[in-house]
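Undergrad: Chains as they are written, first to last, in UniProt numbering: chain A, 1 to 344; chain B, 1 to 352. C-beta atoms are modelled at their ideal positions from N, C-alpha and C, and glycine is treated no differently. Computed from a prediction, not measured in an experiment: that's the story for all the values here. First, the structure itself, so that you have it in front of you.
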Amino acid sequence: MSVTEAVRSDADTTAATAPLLSVEDLKLDLRDESGWVRVLDGVSFDIKPRETLGVVGESGCGKSMTALSVMQLQAPRYSRLDGKINFQGRDLLKLSRRQMSRVRGRNISMIFQEPMSALDPVFTVGAQIRETVQCHFDVSKREADERAIEALDSVGIAAPRQIAQLYPMSLSGGMRQRVMIAMALVCEPDLLIADEPTTALDVTIQSQIMDLLLNLSQKRGTAIMFITHNLALVSQNCDRMITMYGGQIIEGGPVDDVLSKPLHPYTKGLVHSIPDAHRARGTLNAIPGRVPSLRAMPPGCRFEPRCTHAKALCQQDVAIEDIGNRQIRCHRWQELTSTTEGSP
Amino acid sequence: MTSSQQTATQAPETGTAQVPAVSVRDMTVSFGRSRTLVRAVDGVSFTVAPGEIFGIIGESGSGKSTLGRAAVGMVTPSGGEVRHGEVDPFALTRKQLNAHRRKYQIIAQDPNAAFNPRMTILESVMEPMYIAGIGNRAERRERALAMLDTVALSPEMSERYPHDLSGGQKQRANIARALVLDPEVLVCDEVVAALDVSIQADMLNLFWRLKRDFNLTYLFISHDLNVVSHISDRVAVMYFGKIMEIGPADEVMNRPLHPYSEALRSAEPEIAAYQQRSRERIILQGEIPSALNPPSGCRFHTRCPRAVEMCASTEPEQRELAPGRFVACHFAEEMLARFAPDGGGQKHQKVG
Chain A
1 MSVTEAVRSD
11 ADTTAATAPL
21 LSVEDLKLDL
31 RDESGWVRVL
41 DGVSFDIKPR
51 ETLGVVGESG
61 CGKSMTALSV
71 MQLQAPRYSR
81 LDGKINFQGR
91 DLLKLSRRQM
101 SRVRGRNISM
111 IFQEPMSALD
121 PVFTVGAQIR
131 ETVQCHFDVS
141 KREADERAIE
151 ALDSVGIAAP
161 RQIAQLYPMS
171 LSGGMRQRVM
181 IAMALVCEPD
191 LLIADEPTTA
201 LDVTIQSQIM
211 DLLLNLSQKR
221 GTAIMFITHN
231 LALVSQNCDR
241 MITMYGGQII
251 EGGPVDDVLS
261 KPLHPYTKGL
271 VHSIPDAHRA
281 RGTLNAIPGR
291 VPSLRAMPPG
301 CRFEPRCTHA
311 KALCQQDVAI
321 EDIGNRQIRC
331 HRWQELTSTT
341 EGSP
Chain B
1 MTSSQQTATQ
11 APETGTAQVP
21 AVSVRDMTVS
31 FGRSRTLVRA
41 VDGVSFTVAP
51 GEIFGIIGES
61 GSGKSTLGRA
71 AVGMVTPSGG
81 EVRHGEVDPF
91 ALTRKQLNAH
101 RRKYQIIAQD
111 PNAAFNPRMT
121 ILESVMEPMY
131 IAGIGNRAER
141 RERALAMLDT
151 VALSPEMSER
161 YPHDLSGGQK
171 QRANIARALV
181 LDPEVLVCDE
191 VVAALDVSIQ
201 ADMLNLFWRL
211 KRDFNLTYLF
221 ISHDLNVVSH
231 ISDRVAVMYF
241 GKIMEIGPAD
251 EVMNRPLHPY
261 SEALRSAEPE
271 IAAYQQRSRE
281 RIILQGEIPS
291 ALNPPSGCRF
301 HTRCPRAVEM
311 CASTEPEQRE
321 LAPGRFVACH
331 FAEEMLARFA
341 PDGGGQKHQK
351 VG
């Protein structure tokens with residue numbers, strides 16, 4: 001207990017400069033019956049302590065795979081990870097399975113999209129939270145139960161003692177997601193990965209859950225990696241964001257900058273495809289085509305086949321560039337920003 | 001401001017001489033019996049003019065899907081009446097109803113569940129014509145291919161099986177299948193909910209084009225405010241089986257007269273610059289109450305930020321506060337007063 005606390009305060013003092021999580025050139029290969037296929041290709045990003053990072057993109061672009069890789073939740077027989085995942089001064093990819101399982105749930109925890117499939121239907125929610133506590137702390141069953149009830153109370157569940165004795169099936173979607181959050185935060189992790197935590201919920205419940213998530217993390221100083229396809233949620237809740245496409249990061253930067261002035265045609269396309277009452281009907285800006293298959297990635301820029309601005313140049317490989325506090329992976333971003341904005 | 005997009009469809013709204021494509025009066029749909037009786041839809045009235053896009057917004061459990069299904073005659077209401085034009089679909093014989101139904105199609109949310117995995121897309125799109133006894137095989141094939149072309153699916157795609165298609169492509173095929181019988185009214189139940197935003201934009205454009213080309217009438221059901229307000233002429237906001245508010249889409253979005261519409265609007269995240277982000281948001285407490293045990297008085301009072309004692313005891317009546325705007329709330333007049341010109345009400349006024 002005292003050791004972990006020492007580690008935490010150590011992390012706090014260096015907080016000003018060092019990132020909490022620093023992923024460097026992460027590559028992930030997965031295997032199926034037709035062989036290995038590259039799913040993530042050179043993903044690099046940082047999360048600073050207390051920061052909320054939004055990860056956006058369409059389905060199949062590698063958002064969830066990035067999260068699962070940080071947690072190392074893929075089956076080892078069918079996956080290969082390469083690169084560095086530095087977390088609190090350690091490379092998580094160099095840890096043994098035992099060491100990694102101590103990090104999971106304690107220092108980094110995760111909330112999944114569909115709480116019903118993440119909760120065990122044959123145990124009460126109280127027992128499931130207690131199990132998490134007992135995995136990481138040497139406490140009595142009674143003490144663990146108390147912490148579980150406290151956790152349920154902290155996520156705004158009225159009558160936590162009664163709810164702790166219920167099975168997941170008797171809870172509504174919003175309540176289940178609250179239980180998931182309670183479980184993820186009960187060990188006071190430094191990093192919380194939230195993978196589409198509100199996608200299955202109604203909009204009024206979504207605003208409750210987002211409010212709760214941000215308040216709790218602010219109070220406890222938890223950093224959040226927030227995965228979503230909803231740009232508006234990112235706009236309202238995150239400090240920085242990255243856009244992923246075809247297993248790569250194609251744009252990154254502070255949320256307000258990226259959303260008000262997206263540099264990559266793909267991010268631009270996503271921003272402009274959101275329907276609203278002010279846009280004339282029939283004129284929404286759809287992105288033609290679909291995300292390319294992993295086995296048939298285009299050779300150069302991966303967005304090239306769908307990009308309306310593509311030129312011959314775009315068939316060549318493109319590296320991610322740093323410009324100030326933003327990153328961009330596009331051959332033509334400079335030309336495109338100067339023409340679309342009509343600046344001299 | 002958004003009136004330009006409304007002009008094209010203004011006529012059917014004001015044209016009272018026209019017989020509505022769908023009219024629903026005081027309709028109730030209930031399931032179960034005695035102690036387990038659930039009123040999924042409870043005394044709902046509205047009309048949809050021919051060529052109009054009528055949006056229905058609501059959270060899960062609000063009864064919006066049941067309403068859509070009952071409006072096209074797939075579920076029999078337990079009370080009230082439904083008219084399709086001048087026809088009462090529930091007074092028809094089974095045979096008449098089967099023929100009549102072809103004009104009233106429904107497109108479901110999940111395209112994966114809507115196709116027989118053992119039939120090619122083309123076979124699936126041809127099947128409704130076979131059942132309806134339209135044309136011979138060659139004619140049916142030709143019409144199915146033409147309809148698939150309309151929704152931008154190539155003949156090559158039509159020979160594939162559902163699992164070979166992406167979600168967006170399947171939804172297109174689903175639409176083509178609803179269109180082959182030349183319907184007049186289309187109920188779209190969460191048709192874009194399962195799609196990525198870039199594909200969703202494409203589908204919404206398609207729906208708009210089809211409406212124009214085929215002179216369709218839509219009942220557009222969704223929980224997504226952005227989607228409904230973008231596509232609809234008029235919207236109804238549902239909560240717990242009742243309609244809280246009906247009005248022109250941009251009016252209801254920008255000047256909501258019911259606290260629930262206001263809360264929904266406020267809960268919908270928006271892309272906003274940092275300064276605007278601090279706008280006062282209304283976060284509703286609690287969840288939709290149990291259907292077996294509906295609240296007394298106004299159904300929304302358990303979660304309403306404005307609720308007073310009266311709301312728990314007296315159910316507010318639906319009344320017309322401004323032309324075409326129907327609201328069921330005790331405070332609707334107060335809500336309306338905020339938008340009065342002398343109150344300095346701008347379009348994005350927010351209450352504290």
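Could you tell me how far apart the beta carbons of SER62/B and MET238/B are, in whole angstroms, since I believe they sit closer than 8 Å?
TA: Start at 1 with the first residue of the second sequence, and residue 62/B comes out as number 62. Start at 1 with the first residue of the second sequence, and residue 238/B comes out as number 238. With 8 Å as the limit, SER62/B and MET238/B qualify as a contact, their Cβ atoms being about 4 Å apart.
Undergrad: Give the single residue among ARG306/B, ALA113/B and HIS100/B whose Cα lies nearest to the Cα of HIS84/B.
TA: One-based indexing of the second sequence puts residue 84/B at position 84. Minimum Cα distance to HIS84/B is reached at HIS100/B.
Undergrad: What residues from chain B crowd round THR204/A, counting only those whose CB sits closer than 7 Å?
TA: Start at 1 with the first residue of the first sequence, and residue 204/A comes out as number 204. The contacting residues are GLU59, ALA263, LEU264, ALA267 and LEU284.
Undergrad: Checking contacts by CB at 8 Å: is ILE271/B closer than that to chain A?
TA: Within the second sequence, the letter at position 271 stands for residue 271/B. It does; some Cβ of chain A falls within 8 Å.
Undergrad: So which residues of chain B does SER59/A contact, with C-beta pairs closer than 7 Å?
TA: Within the first sequence, numbered from 1, the residue matching residue 59/A stands at position 59. Those are ASP196, listed as they occur along chain B.
Undergrad: Tell me the rounded alpha-carbon separation between SER109/A and ARG161/A.
TA: For the purposes of this step, residue 109/A is taken as the residue at position 109 of the first sequence. For the purposes of this step, residue 161/A is taken as the residue at position 161 of the first sequence. Looking at the two C-alpha atoms, the distance is approximately 24 Å.
Undergrad: Can you tell me whether GLU86/B is helix, strand or coil according to DSSP?
TA: Locating residue 86/B in the second sequence gives position 86, where the first residue counts as 1. Looking at GLU86/B - three-state DSSP - the assignment turns out to be coil, as it is neither helix nor strand.
Undergrad: Would you call CYS158/A buried or exposed, if buried means 16 or more other Cβ atoms sit within 10 Å of its Cβ?
TA: Along the first sequence, read from residue 1 onward, the residue named residue 158/A stands at position 158. The question names Cys, but residue 158/A is Ala in the sequence shown. When all chains shown are included, ALA158/A counts as exposed.
Undergrad: Suppose the cutoff is 6 Å on Cβ atoms and the five residues either side in sequence are ignored; what does the same chain contact list for residue 413/B look like?
TA: In this structure chain B extends from 1 to 352, so residue 413/B is not present and cannot be described.
Undergrad: Strictly under 8 Å for the Cβ-Cβ distance: is residue 348/A near chain B by that measure?
TA: Residue 348/A cannot be examined here, being either before or after the span of chain A that is shown, 1 to 344.
Undergrad: Could you give the distance in angstroms between the alpha-carbon of ILE175/B and the alpha-carbon of ASP25/A?
TA: For this step, residue 175/B is matched to residue 175 along the second sequence. For this step, residue 25/A is matched to residue 25 along the first sequence. Rounded to the nearest angstrom, the two C-alpha atoms are 43 Å apart.
Undergrad: Should GLY51/B be labelled buried (16 or more other beta-carbon atoms within 10 Å of its own) or exposed?
TA: Position 51 of the second sequence, counted from the first residue, corresponds to residue 51/B. Classification of GLY51/B: buried, given that the 10 Å Cβ count is 16 or more.
Undergrad: Measure the C-alpha to C-alpha separation of TRP333/A and VAL235/B and round it to an integer number of angstroms.
TA: Reading the first sequence from its first residue, position 333 is the one you call residue 333/A. Reading the second sequence from its first residue, position 235 is the one you call residue 235/B. Near 41 Å, if we compare the C-alpha coordinates of VAL235/B and TRP333/A.
Undergrad: Take the Cβ of GLU317/B as the centre, count every other Cβ of all protein chains shown within 10 Å, and call the residue buried at 16 or more, exposed below.
TA: Taking the first residue of the second sequence as 1, we reach residue 317/B at position 317. Exposure of GLU317/B is indicated by the presence of fewer than 16 other C-beta atoms within 10 angstroms of its C-beta.
Undergrad: Rounded to whole angstroms, how far is the Cβ of GLY173/A from the Cβ of ALA200/A, which I believe are closer than 8 Å?
TA: Here residue 173/A is taken as the residue at index 173 of the first sequence, counted from 1. Here residue 200/A is taken as the residue at index 200 of the first sequence, counted from 1. That belief holds up - the Cβ atoms of GLY173/A and ALA200/A are roughly 6 Å apart, short of 8 Å.
Undergrad: List the residues of chain A whose Cβ lies closer than 8 Å to the Cβ of ALA173/B, in chain order.
TA: Numbered from its first residue, the second sequence carries residue 173/B at position 173. Per Cβ cutoff of 8 Å: no residues; ALA173/B is ~15 Å from chain A at best.
Undergrad: Using CA coordinates, which residue listed in ILE287/A, TYR167/A, GLN88/A and GLU146/A is at the minimum distance from SER117/A?
TA: Here residue 117/A refers to the residue found at position 117 of the first sequence. For the residues ILE287/A, TYR167/A, GLN88/A and GLU146/A, the minimum Cα distance to SER117/A belongs to TYR167/A.
Undergrad: Can you grab the Cα-Cα spacing for the pair ALA194/B / GLN109/B, in whole Å?
TA: The residue labelled residue 194/B in the question sits at position 194 within the second sequence. The residue labelled residue 109/B in the question sits at position 109 within the second sequence. Distance between the alpha carbons of ALA194/B and GLN109/B is about 7 Å.
Undergrad: According to DSSP, simplified to helix, strand and coil, what is MET110/A?
TA: As a working note, residue 110/A is residue 110 in the first sequence. Strand at MET110/A.
Undergrad: In chain order, what residues of the same chain lie with their CB nearer than 6 Å to the CB of LEU53/A, ignoring the 5 residues before and after it?
TA: Translated into positions along the first sequence, residue 53/A becomes position 53. Closer than 6 Å at Cβ, skipping near neighbours: ILE47, MET225 and ARG240.
Undergrad: Can you tell me whether DSSP reads residue 354/B as helix, strand or coil?
TA: Residue 354/B falls outside the range modelled here, since chain B spans only 1 to 352, and no answer is possible.
Undergrad: Considering only the alpha carbon of each residue, which of PRO294/B, PHE339/B, MET126/B and PRO77/B lies closest to THR36/B?
TA: Counted from its first residue, the second sequence places residue 36/B at position 36. The residue with the shortest Cα to Cα distance from THR36/B is PRO294/B.
Undergrad: In terms of DSSP beta bridges, what is PHE226/A paired with?
TA: Position 226 of the first sequence, counting from 1, holds the residue named residue 226/A. Paired residues: GLY54/A and ALA194/A.
Undergrad: Identify, in the order they occur along the chain, each residue of the same chain with its Cβ nearer than 7 Å to the Cβ of MET147/B, setting aside the five sequence neighbours on each side.
TA: If you number the second sequence from 1, residue 147/B lands on position 147. Here the set comprises VAL125, ALA176, LEU179 and VAL180.
Undergrad: Less than 8 Å between C-beta atoms, sequence neighbours within five positions excluded: which residues of the same chain meet that for VAL228/B?
TA: Looking up residue 228/B in the second sequence gives position 228. Cβ neighbours of VAL228/B beyond the five flanking positions: GLY55, ILE56, ILE57, PHE220, SER222, VAL235 and ALA249.
Undergrad: Around the C-beta of PHE240/B, are 16 or more other C-beta atoms found within 10 angstroms, so that it is buried, or is it exposed?
TA: Translated into the one-based positions of the second sequence, residue 240/B becomes position 240. Label assigned to PHE240/B: buried.
Undergrad: Only counting the same chain, and skipping five residues up and downstream in sequence, which positions put a Cβ closer than 6 Å to that of GLN275/B?
TA: On the second sequence, residue 275/B is found 275 positions in, with the first residue counted as 1. Note on GLN275/B: pLDDT 48, under 50, position unreliable in the model; no value is reported.
Undergrad: Compare the C-beta of ARG290/A with all C-beta atoms of chain B and state if any pair is closer than 8 Å.
TA: Locating residue 290/A in the first sequence gives position 290, counting from the first residue. Yes, ARG290/A lies at the interface with chain B (some Cβ there is under 8 Å from its Cβ).
Undergrad: Quick one: what's residue 376/B bridged to in DSSP?
TA: Nothing in the structure corresponds to residue 376/B, since chain B is present only between 1 and 352.
Undergrad: Return the Cβ separation of MET203/B and ALA277/A in integer angstroms, given the expectation that the two are a contact with Cβ distance under 8 Å.
TA: On the second sequence, position 203 is the one that residue 203/B refers to. On the first sequence, position 277 is the one that residue 277/A refers to. Between ALA277/A and MET203/B the Cβ distance is about 17 Å, and since that is not below 8 Å, they are no contact.
Undergrad: Interface residues of chain B around ASN285/A at Cβ under 8 Å?
TA: The residue you call residue 285/A lines up with position 285 of the first sequence. ALA201, listed in chain order.
Undergrad: Does any residue of chain B bring its CB to less than 8 Å from the CB of GLN248/A?
TA: On the first sequence, position 248 is the one that residue 248/A refers to. No, GLN248/A does not count as interfacial toward chain B.
Undergrad: How about THR243/A and GLY57/A: do their beta carbons lie closer than 8 Å?
TA: Translated into positions along the first sequence, residue 243/A becomes position 243. Translated into positions along the first sequence, residue 57/A becomes position 57. Yes, Cβ-Cβ distance for THR243/A and GLY57/A is below 8 Å.
Undergrad: Under three-state DSSP, which class holds THR267/A?
TA: Numbered from 1 along the first sequence, position 267 holds the residue referred to as residue 267/A. If DSSP states are grouped into helix, strand and coil, THR267/A belongs with the helices.
Undergrad: Residues of chain B with CB closer than 7 Å to the CB of ASP211/A, please, in chain order.
TA: Here residue 211/A corresponds to residue number 211 of the first sequence, with the count starting at 1. Neighbours of ASP211/A on chain B, chain order: ILE283.
Undergrad: With a Cβ-Cβ cutoff of 8 Å, do GLY42/A and LYS27/A count as a contact?
TA: Here residue 42/A refers to the residue found at position 42 when the first sequence is read from its first residue. Here residue 27/A refers to the residue found at position 27 when the first sequence is read from its first residue. Result yes, Cβ atoms of GLY42/A and LYS27/A sit closer than 8 Å.
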